[in-house]
Each structure stands twice: as structure tokens, then as C-alpha cells.
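Participant: If you count the sequence shown from 1, position 105 lands on 105 in my numbering, and the numbers rise without skipping. Every residue, glycine too, gets a C-beta built ideally from N, C-alpha and C. Because the structure is a prediction, the values reported are computed rather than measured.
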Amino acid sequence: MRGRAPHHPDVFSHLPALLMRELDTPEVQAVLDELIAVGWRPGQLRHRVGAAPSQGSVERDAVHLLELLRGLRGQPCPDALHAQEVAEREAGRRWEAETAPPPAEPEVRDARLAEIRLSLKGTPRRRPEPVPRTRPACSLCAAEGSYFVTRDVHLCARCVEVLATGSARLSETG
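1. Give the range of the alpha helix (DSSP H) segment to which R158 is assigned.
2. Check whether the stretch 133-141 touches the stretch 154-163, taking contact to mean three or more Cβ pairs, one atom from each stretch, closer than 8 Å.
3. With burial defined as no fewer than 16 other Cβ atoms inside 10 Å of the residue's Cβ, what is the status of P6: buried or exposed?
4. Which one or two residues does DSSP pair with E144 in a beta bridge?
5. Using C-beta distances below 6 Å, list every residue in its chain close to L18, excluding the 5 sequence neighbours before and after it, in chain order.
6. State the start and end residues of the unbroken alpha helix (DSSP H) segment that holds H47.
7. Less than 8 Å between CB atoms is the rule here; does A104 satisfy it with respect to chain B?
8. Excluding the 5 residues flanking R2 on each side, which residues of the same chain have their C-beta closer than 7 Å to its C-beta?
9. When the Cα of T134 is compared with those of G145, R126 and R127, which residue comes out closest?
10. Between V78 and Q29, how many whole angstroms is the CB-CB distance? I'm expecting something under 8 Å.
11. Please work out which residues of its chain come closer than 7 Å, Cβ to Cβ, to A52, disregarding the five sequence neighbours upstream and downstream, and give them in chain order.
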């Protein structure tokens, strides 16, 4: 029995036993070794071998698969293609980042967004910010009246404390 390459069963184990024996030649092993050395993985080769159509006999299948493997020698391995695509995408991203215009200032951006929102149909308009309400003046000292007594009478905290001590009284008006 010939000594098989370690990846021979990985590539051909899904094939019928007769075809696997037919492919157990030094020429096939040399092609497999060469493909593995340039970066092909056994699973990638197994997929391509398994996708090949049957040729009607074991001998023709073996010749066809050997030609298929020889044809793969002239192609770059999928991992190298993927690495090249990733490098190209990354170079494109770097180029876009370098050539992209700088972002707008926050004031310009907010003004433009407000303009766009106004032109949209069916979107509610923003209500203006409410004007802060001021409290009425204290009826005794003219400070800010924090406490409501009647519609016309408001008191500040200091005047409420003075009234609470009893040292001052409110007189009845009208």
C-alpha cells in the first residue's frame, strides 16, 4: 500500500472508494502538495472536487479531477483573493476618510436641519420655546412673590415669615 499525503483523505474522502483509490497516485499527490503549499485549504479543494460533474466512469472521473486540480494551480487561492479584497476595501476607506470634507460646524448643521424639517410635509412643526413666566411682586415689599394668597395678593418668603411671627398683619382691602 502506498503512503498517502496527509491531506489526500481530507480532499477525497467524500468520493466513492474506487475513485479515491484511482486518485491515489504520486502525480495527484504532487498536485495536491503544490496547491496546499500555495495556500489552498483541503476544504476548499474538497468543495471544488465535490462540485465537479461525473464523467460516467471511474477512470474518466479520475482524469477529469486531475485536470481540475491542475487548473486550480493557475488560479489564486480564495484566501489570497479575500485578503486582497479586504486590503482594497480598507485602502478605499482610508482614501475616503482622507478626501472627505470636514464636518459642518454645529450651528450650521442645526440651521440646515431646521430648514430641512420645515420643508418636510406631514411632520409637526416645532413649537417655540415658551417665554419664562415671572412671578408677581410681593404685595408688602415688592420682592418676587412666591406664595399666592388671593388673585391680587402675593407674598414673598420673608414676608410670610414675618406674618407667621405675628409682628405684622395684613389689612383688609376694599
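Facilitator: Looking at the atomic coordinates:
1. A157 to T165 is the span of the alpha helix (DSSP H), which, as asked, contains R158.
2. Flag = yes, the stretch 133-141 and the stretch 154-163 touch.
3. Its Cβ having fewer than 16 others within 10 Å, P6 is exposed.
4. Answer is A137.
5. Within the same chain, and ignoring the five residues on either side of L18 in sequence, the residues whose Cβ sits closer than 6 Å to its Cβ are V58.
6. Judged by DSSP secondary structure, H47 falls within the alpha helix (DSSP H) whose first and last residues are P42 to A51.
7. The structure shown contains no chain B, having only a single protein chain.
8. Residue placement at R2 is flagged as unreliable, the pLDDT there being 48, under the threshold of 50; the coordinate-derived value follows with that caveat. Here R2 has D24 as same chain residues with Cβ atoms under 7 Å from its own Cβ, once five neighbours each way along the sequence are excluded.
9. For T134, the nearest C-alpha among the options comes from G145.
10. First, the residue type needs correcting, since residue 78 is Pro and not Val in the sequence shown. Taking C-beta atoms under 8 Å as the contact rule, P78 and Q29 fail to qualify, at a distance of about 22 Å.
11. Around A52: H64, L65 and L68.
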